[in-house]
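Counted from 1, the sequence shown has number 334 at position 324 by our numbering; the numbering is strictly sequential.
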Amino acid sequence: MEKSRGSRPVAFAFVFVAVLVAEAAVIDRQKREFVIPDWIEIVDEPVAENSKTIQRAVRVRDAKITYDGAQVWRVQGSEAQKDLVSNVTMDFQESGLLSLWVGNDTVVDVMVRVEEIPRVSRYLKQKDLQYQVVIEDLQRAIDEENPSLSAEEIEELQGRKARYAWWQGVAIRVPSRYSRPRPLRYPVASVHGVGGPWRFRGHRMEWSSYHRLEDIHGYLDYLAETFPDVCSVVSIGNSVEGRPLKVIRISNGKPNAPALWIDGGIHAREWISPAAVTYIINHLVENSETLEADYYILPVANPDGYEYTFTKDRLWRKNRKRSVGSLCTGVDLNRNFGYRWGGMGTSKDPCREIYAGSGPFSEPETNAIRYFFEASAANFKAYLTFHSYGQYILYPWGYDKRVPPDYADLERVGRQVSTAMRKAGGANSAYTVGNSATTLYAASGGSDDWAKAILKMKYTYTIELRDTGKHGFVLPARYIVPTAKEALAAVMVVTEACKSL
Ligand SMILES: [Zn+2]
Numbered sequence: 011m012e013k014s015r016g017s018r019p020v021a022f023a024f025v026f027v028a029v030l031v032a033e034a035a036v037i038d039r040q041k042r043e044f045v046i047p048d049w050i051e052i053v054d055e056p057v058a059e060n061s062k063t064i065q066r067a068v069r070v071r072d073a074k075i076t077y078d079g080a081q082v083w084r085v086q087g088s089e090a091q092k093d094l095v096s097n098v099t100m101d102f103q104e105s106g107l108l109s110l111w112v113g114n115d116t117v118v119d120v121m122v123r124v125e126e127i128p129r130v131s132r133y134l135k136q137k138d139l140q141y142q143v144v145i146e147d148l149q150r151a152i153d154e155e156n157p158s159l160s161a162e163e164i165e166e167l168q169g170r171k172a173r174y175a176w177w178q179g180v181a182i183r184v185p186s187r188y189s190r191p192r193p194l195r196y197p198v199a200s201v202h203g204v205g206g207p208w209r210f211r212g213h214r215m216e217w218s219s220y221h222r223l224e225d226i227h228g229y230l231d232y233l234a235e236t237f238p239d240v241c242s243v244v245s246i247g248n249s250v251e252g253r254p255l256k257v258i259r260i261s262n263g264k265p266n267a268p269a270l271w272i273d274g275g276i277h278a279r280e281w282i283s284p285a286a287v288t289y290i291i292n293h294l295v296e297n298s299e300t301l302e303a304d305y306y307i308l309p310v311a312n313p314d315g316y317e318y319t320f321t322k323d324r325l326w327r328k329n330r331k332r333s334v335g336s337l338c339t340g341v342d343l344n345r346n347f348g349y350r351w352g353g354m355g356t357s358k359d360p361c362r363e364i365y366a367g368s369g370p371f372s373e374p375e376t377n378a379i380r381y382f383f384e385a386s387a388a389n390f391k392a393y394l395t396f397h398s399y400g401q402y403i404l405y406p407w408g409y410d411k412r413v414p415p416d417y418a419d420l421e422r423v424g425r426q427v428s429t430a431m432r433k434a435g436g437a438n439s440a441y442t443v444g445n446s447a448t449t450l451y452a453a454s455g456g457s458d459d460w461a462k463a464i465l466k467m468k469y470t471y472t473i474e475l476r477d478t479g480k481h482g483f484v485l486p487a488r489y490i491v492p493t494a495k496e497a498l499a500a501v502m503v504v505t506e507a508c509k510s511l
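This is the structure we're talking about:
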């Protein structure tokens, strides 16, 4: 009896603990049930045009899209085969067997999936069309395009930039201390505390590799923080997925200065574009005392698409809008502007690369640009939009093979731009000048046509940066600096032209 009386509380205690453990397990399991697994994404899905959205869980294709064995071919037709070339690309694009990269009436670059190589090859031979393989293995080209920086390099970069920023702050602050009382722009509490060199985050931007959106936006913020007299950054809106559209304004306050708009990255896969545009930003800020114009620069006009090219599909072009009633995603933002929207060179099919969207300015990215110009009082004279590839300096119109009344001015300045770009870049820097629709192909709803027709911007150019096809969109990072120098030369020539308006 003695023994059992002593063991009863022990047994109760044991049961009590067991119940607690079991309960905790149940709670834990319930908690875990609310944790969304990696492969589920909650998306806002529009239920109808211009109405509310509902939330829906979708399965995410977690695998990165790869291009093992895929090739890029240059298909050549004779003058007599003009229609044939466009028919071929139309036929295949519609069936998804290959995708058109760039081209005109007689030459096109197409990407062919490995499993389709025999069929497409047979087809082209039947039609008596010549082709050559330009990229043997697209995935290998992608893997070699952008060597990543080492942890040491990033550390070095951030440390150096932070110290530089701190010294800039010291240099600016010291004289003003004696002249007039003003709040210290760079409060330095202590070297180890909130102040000192380590207060500044620095930035990760440089031009020997392609950078993620975070680095680019971090760089803009750094410039605004470090050089507040020259730079300011505003977000002019948000992308479909909620990323900010950051515009940096660079101005030394010179009165009556003309204003230029520059954008990049409207097509996600054209990585050289944001890289060149950020290089231009760097140059303008470093030489801000000599500037004779104000610059408004949006380096990544399609931030969702840009990020998607790093995380899922290197060759993504459009934004990331989910279309109602279609499984396909994305609108071609450079078909979505509101001048001659939906005309030649566009598609109403959300699965196509040139899908123009559900209406003019249906996309938040293009809409933000429109509202920015509607609200801005700046004295805009030029609109430069950087793309790749092909090495062209294109002026309106894109919607048809016609030219604006002042096309002679556009041609003349375009040729000056071409000359300057060749000088700046050296070998392989030949850029062709011409009217958009004639030189390349008709494309309605582009930003350039809208800027020219609606905003009445004198010097409106779409500049297709390097190269001429050897690497296409997958331009190795070692070409960033020479290409960016060409782009910068273009900006300088157009600035000069604006001054005389
Ligand atoms: Zn483009």
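Where is the CB? At the ideal position from N, CA and C, for every residue including glycine.
Could you give the DSSP three-state label for residue i: helix, strand or coil?
i: residue 270; result: strand
i: residue 84; result: strand
i: residue 290; result: helix
i: residue 397; result: strand
i: residue 476; result: coil
i: residue 259; result: strand
i: residue 445; result: strand
i: residue 372; result: coil
i: residue 392; result: strand
i: residue 254; result: strand
i: residue 240; result: coil
i: residue 417; result: helix
i: residue 246; result: strand
i: residue 77; result: coil
i: residue 167; result: helix
i: residue 226; result: helix
i: residue 207; result: Bear in mind that the predicted position of residue 207 carries a pLDDT of just 44, short of 50, making it unreliable; the figure below should be weighed with that in mind. Residue 207: helix per DSSP, three-state reduction.
What is the rounded straight-line gap between the Cα of residue i and the Cα of residue j?
i: residue 357; j: residue 160; result: 43 angstroms
i: residue 183; j: residue 506; result: Note that residue 183 has pLDDT 41, beneath the 50 cutoff, so the model's placement of it is unreliable and the number below is only indicative. Computed Cα separation, rounded: 34 angstroms.
i: residue 156; j: residue 333; result: 32 angstroms
i: residue 229; j: residue 304; result: 19 angstroms
i: residue 142; j: residue 78; result: 19 angstroms
i: residue 125; j: residue 422; result: 47 angstroms
i: residue 287; j: residue 136; result: 44 angstroms
i: residue 449; j: residue 162; result: 46 angstroms
i: residue 242; j: residue 280; result: 26 angstroms
i: residue 298; j: residue 151; result: 38 angstroms
i: residue 10; j: residue 262; result: No answer is possible for residue 10: it lies beyond the span of the chain, which begins at 11 and ends at 511.
i: residue 441; j: residue 118; result: 18 angstroms
i: residue 323; j: residue 290; result: 27 angstroms
i: residue 306; j: residue 274; result: 12 angstroms
i: residue 94; j: residue 131; result: 15 angstroms
i: residue 195; j: residue 248; result: In this prediction, residue 195 scores a pLDDT of 36, lower than 50, which makes its location untrustworthy; the coordinate-derived value is nonetheless stated afterwards. Rounded to whole angstroms, residue 195 to residue 248 spans 29 angstroms at the Cα level.
i: residue 327; j: residue 237; result: 34 angstroms
i: residue 395; j: residue 381; result: 17 angstroms
i: residue 425; j: residue 434; result: 14 angstroms
i: residue 86; j: residue 146; result: 18 angstroms
i: residue 49; j: residue 319; result: Summary for residue 49: the model assigns pLDDT 46, below 50, so the residue's position carries little reliability, and this model does not support an answer.
i: residue 438; j: residue 432; result: 8 angstroms
i: residue 352; j: residue 345; result: 7 angstroms
i: residue 158; j: residue 88; result: 43 angstroms
i: residue 251; j: residue 329; result: 9 angstroms
My assumption, with CB atoms under 8 angstroms, is that residue i sits in contact with residue j. Please give the rounded CB distance.
i: residue 378; j: residue 246; result: 5 angstroms
i: residue 393; j: residue 470; result: 5 angstroms
i: residue 308; j: residue 223; result: With 8 angstroms as the limit, residue 308 and residue 223 do not qualify as a contact, their Cβ atoms being about 12 angstroms apart.
i: residue 278; j: residue 316; result: 5 angstroms
i: residue 260; j: residue 295; result: 6 angstroms
i: residue 473; j: residue 497; result: 7 angstroms
i: residue 226; j: residue 284; result: 6 angstroms
i: residue 301; j: residue 391; result: Not really, about 14 angstroms apart at Cβ, beyond 8 angstroms.
i: residue 414; j: residue 462; result: 6 angstroms
i: residue 452; j: residue 355; result: 4 angstroms
i: residue 314; j: residue 253; result: 6 angstroms
i: residue 149; j: residue 80; result: 7 angstroms
Give, in chain order, every unbroken run of the alpha helix (DSSP H) that is at least 4 residues long and sits entirely within the region 278–365.
282–296, 313–321
Please determine if the region 444–461 and the region 479–490 are in contact, where contact requires at least 3 C-beta pairs separated by less than 8 angstroms.
no
Can you list the beta strand (DSSP E) stretches of 3 or more residues lying completely in the region 83–145, in chain order?
108–113, 117–122, 140–145
Whether or not the region 361–373 and the region 396–410 are in contact is what I'm after, with contact meaning three or more pairs of Cβ atoms, one per stretch, closer than 8 angstroms; do they touch?
no
Determine contact between the region 405–414 and the region 439–453, defined as no fewer than three beta-carbon pairs at a distance below 8 angstroms.
yes
Assess, as a yes-or-no matter, whether the region 471–482 is touched by the region 108–122 under the definition of 3 or more beta carbon pairs within less than 8 angstroms.
yes
Those runs of the alpha helix (DSSP H) which lie wholly inside the region 452–504 and span at least 4 residues
457–463
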